[in-house]
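J.: This structure is in structure tokens; I'll ask about it shortly.
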Amino acid sequence: MAVSGEQALFKKVKKGDLDAFGAIIHDYQSSVFNVCYRILGNRQEAEDLTQEAFLRAYRQISKYDLNRPFGPWMRTLAANLCYNHLKRARLNRVALEDERDQYQDDLQPGPEKVLQINQENQALYGAIWQLPESQRLALELRHFQGLTYQEMAEAMKLPLNTVRSHLFRARHKLAALLEEKDE
Amino acid sequence: MNKPNDHIPSDMLHAYLDQTLEQADIQDILQHLDHCPTCLEELKRLEGIFASLESLPEVTLDKDLSIAVLSRLKEESILSRGITWTLILEALAASTVISLLIPALKTSTWLPQLIDAQTEIQAAINIFLTQLASSWLVWWAGLRLNFEHFTKSLLTFNSLPAGAISPWILVLAAAGLGVLANYFLLRMNPLGNQNHNK
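Protein sequences appear in the order of chains A and B. If you're matching positions, the first sequence starts at 1 in our numbering and goes up one per residue. If you're matching positions, the second sequence starts at 1001 in our numbering and goes up one per residue.
Put into structure tokens, the structure is as follows:
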């Protein structure tokens, strides 16, 4: 459930108050950006998709239940948006090749990024970005958003067993990729 | 894990770490782990992944995205109002055309028999339906498909190159074409011909 101050803000947003929505964006943009970054692996794209996620959230604000917390709703929306973006990109070979180049750029961070992420975490990010998009989404929803299997199945619009399979495979592949890097 | 020497199935280990197992299954797993180094090693491997993911630091967002988002939402709001005005303009254009077209047809010398009360009503209904369809198309195009370039061109009307046609004109022209098409369809309408032949 949104805290009382936030609830007042959301009531304003539902009436079309853009300034109130600005305050909401301000509070949640960092966590939403991180969802996008973990899934996409590219800072610029993550910023673009974060913006797109907030635009969609505003357009779909009537669907948001004030009695439930906004953060998980918003972050799940963003995760799905990124997942669909990756899926579309995979279908477009040229776009995918461009993205791979961009991912490589991200895996070789500039000095300011090194300050934020040490080598071990850099390897983990790199391994996450090598997972297929469905496994990346499953990992995000379970480990970073704390969704149950059932909630994941609803968010991903997939059968429960398929979602579990994506998650378990993601963990195994992640472990294998990190072990490969250690050797 | 039906037999004592069987290893713990992989999905059971995951479910154990996700804390989604029944108490009885947890007891079975703990008992098995006491004497199975292979399963214990696999569990530790997965626990390592859990721990790594949990400790993964967040990256810093070094800019405020709210400005860009709000700016786009304001643009959409302007577009939405613009479309409302478009609908009004379309309705006015259609009314004007209808009010001019029907008396003109009545006074023309080459189609006097075609025009009677029945065809007038039919024409009005057809034109109304054409207008309605085109209006909904505009709504759909603007709000659902979010034609960014189209909206940008509307919003940057003054920056259009010389000679470029305004999208507003195109919308009105489309409405006019709809009315004209309707008129010609009406001319070929068997009902109208029937009346003409009477």
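Quick reminder that beta carbons are idealized off the backbone N, C-alpha and C, glycines included. Because the structure is a prediction, the values reported are computed rather than measured.
Considering only residues of the region 129-159 of chain A, which uninterrupted alpha helix (DSSP H) runs meet the minimum length of 4 residues and lie entirely inside it, listed in chain order?
T.: Complete alpha helix (DSSP H) runs here, min 4: 133-139, 149-156.
J.: Identify, in the order they occur along the chain, each residue of the same chain with its Cβ nearer than 7 angstroms to the Cβ of residue 1042 (chain B), setting aside the five sequence neighbours on each side.
T.: Your numbering for residue 1042 (chain B) matches position 42 in the second sequence. Taken in chain order, the residues that qualify are 1013.
J.: For residue 53 (chain A) versus residue 36 (chain A), is the C-beta spacing smaller than 9 angstroms?
T.: By 1-based counting over the first sequence, the position of residue 53 (chain A) is 53. By 1-based counting over the first sequence, the position of residue 36 (chain A) is 36. Their beta carbons are under 9 angstroms apart, which means residue 53 (chain A) touches residue 36 (chain A) by this criterion.
J.: What separation, rounded to the nearest whole angstrom, lies between the Cα atoms of residue 157 (chain A) and residue 137 (chain A)?
T.: As a first step, residue 157 (chain A) must be located in the first sequence, where it is residue number 157. As a first step, residue 137 (chain A) must be located in the first sequence, where it is residue number 137. When rounded, the distance between both Cα atoms is 12 angstroms.
J.: What residue from A:139, A:64, A:153, A:24 has the CA that sits closest to residue 1054 (chain B)'s CA?
T.: Position 54 of the second sequence, counting from 1, holds the residue named residue 1054 (chain B). For residue 1054 (chain B), the nearest C-alpha among the options comes from A:139.
J.: Is it buried or exposed for residue 186 (chain A), if we count other Cβ within 10 angstroms and need 16 for buried?
T.: As shown, chain A starts at 1 and ends at 183. That puts residue 186 (chain A) outside it, with no answer to give.
J.: Please decide whether residue 183 (chain A) counts as near chain B, where near means a Cβ-Cβ distance under 9 angstroms.
T.: For the purposes of this step, residue 183 (chain A) is identified with residue 183 of the first sequence, where counting begins at 1. No - not a single Cβ of chain B is within 9 angstroms of the one on residue 183 (chain A).
J.: Just to confirm, are residue 51 (chain A) and residue 1069 (chain B) a CB contact at a threshold of 9 angstroms?
T.: Against the first sequence, residue 51 (chain A) aligns to sequence position 51. Against the second sequence, residue 1069 (chain B) aligns to sequence position 69. Yes, the Cβ-Cβ distance between residue 51 (chain A) and residue 1069 (chain B) is below 9 angstroms.
J.: Using a Cβ cut-off of 7 angstroms, pull out every chain B residue sitting near residue 34 (chain A), in sequence order please.
T.: Looking up residue 34 (chain A) in the first sequence gives position 34. By Cβ distance, chain B contributes 1058, 1059.
J.: Rounded to the nearest angstrom, what separates residue 1025 (chain B) and residue 173 (chain A) at their Cα positions?
T.: The residue labelled residue 1025 (chain B) in the question sits at position 25 within the second sequence. The residue labelled residue 173 (chain A) in the question sits at position 173 within the first sequence. When rounded, the distance between both Cα atoms is 26 angstroms.
J.: Nearest chain B C-beta to residue 212 (chain A) closer than 9 angstroms, yes or no?
T.: Since the displayed chain A opens at 1 and closes at 183, residue 212 (chain A) lies outside it and no answer follows.
J.: What is the residue span of the alpha helix (DSSP H) that residue 1052 (chain B) lies within?
T.: Within the second sequence, numbered from 1, the residue matching residue 1052 (chain B) stands at position 52. 1037-1054 is the extent of the alpha helix (DSSP H) around residue 1052 (chain B).
J.: Pop quiz: residue 90 (chain A) and residue 133 (chain A) are said to be a contact at Cβ under 8 angstroms. What is the actual Cβ separation, rounded to whole angstroms?
T.: As a working note, residue 90 (chain A) is residue 90 in the first sequence. As a working note, residue 133 (chain A) is residue 133 in the first sequence. That belief holds up - the Cβ atoms of residue 90 (chain A) and residue 133 (chain A) are roughly 7 angstroms apart, short of 8 angstroms.
J.: Are there 16 or more other CB atoms within 10 angstroms of the CB of residue 186 (chain A), so buried, or fewer, so exposed?
T.: No statement about residue 186 (chain A) is possible, as the shown extent of chain A runs from 1 to 183 and does not include it.
J.: Excluding five sequence neighbours on each side, which residues of the same chain lie with their C-beta closer than 8 angstroms to the C-beta of residue 184 (chain A)?
T.: This structure cannot speak to residue 184 (chain A), because chain A is shown only from 1 to 183.
J.: Using the beta-carbon of each residue, which ones in chain A are nearer than 7 angstroms to residue 1066 (chain B)?
T.: For this step, residue 1066 (chain B) is matched to residue 66 along the second sequence. Chain A residues near residue 1066 (chain B): 22, 25, 26, 29.
J.: Who are the Cβ neighbours of residue 49 (chain A) in its own chain at under 8 angstroms, not counting the five residues just before and after it?
T.: Residue mapping note: residue 49 (chain A) aligns to position 49 of the first sequence, counting from 1. Excluding residues within five positions, the ones whose Cβ falls inside 8 angstroms are 36, 40, 78, 81, 82, 85.
J.: If you measure from the beta carbon of residue 1029 (chain B) to each beta carbon in chain C, is any gap under 9 angstroms?
T.: Included in the structure are the protein chains A and B, with no chain C among them.
J.: Would residue 1061 (chain B) pass as a contact of residue 47 (chain A) if the rule is Cβ separation under 9 angstroms?
T.: The residue labelled residue 1061 (chain B) in the question sits at position 61 within the second sequence. The residue labelled residue 47 (chain A) in the question sits at position 47 within the first sequence. Yes, they are a contact pair.
J.: Applying a beta-carbon distance threshold of less than 7 angstroms, which residues of chain B neighbour residue 50 (chain A)?
T.: Here residue 50 (chain A) corresponds to residue number 50 of the first sequence, with the count starting at 1. The contacting residues are 1065.
J.: Look at the alpha carbon of residue 1098 (chain B) and the alpha carbon of residue 1067 (chain B), and state the distance between them as a whole number of angstroms.
T.: On the second sequence, residue 1098 (chain B) is found 98 positions in, with the first residue counted as 1. On the second sequence, residue 1067 (chain B) is found 67 positions in, with the first residue counted as 1. The straight-line gap from Cα to Cα measures roughly 46 angstroms.
J.: Smallest Cα separation from residue 26 (chain A): which of B:1065, B:1096, B:1036, B:1015?
T.: By one-based count along the first sequence, residue 26 (chain A) stands at place 26. The residue with the shortest Cα to Cα distance from residue 26 (chain A) is B:1065.
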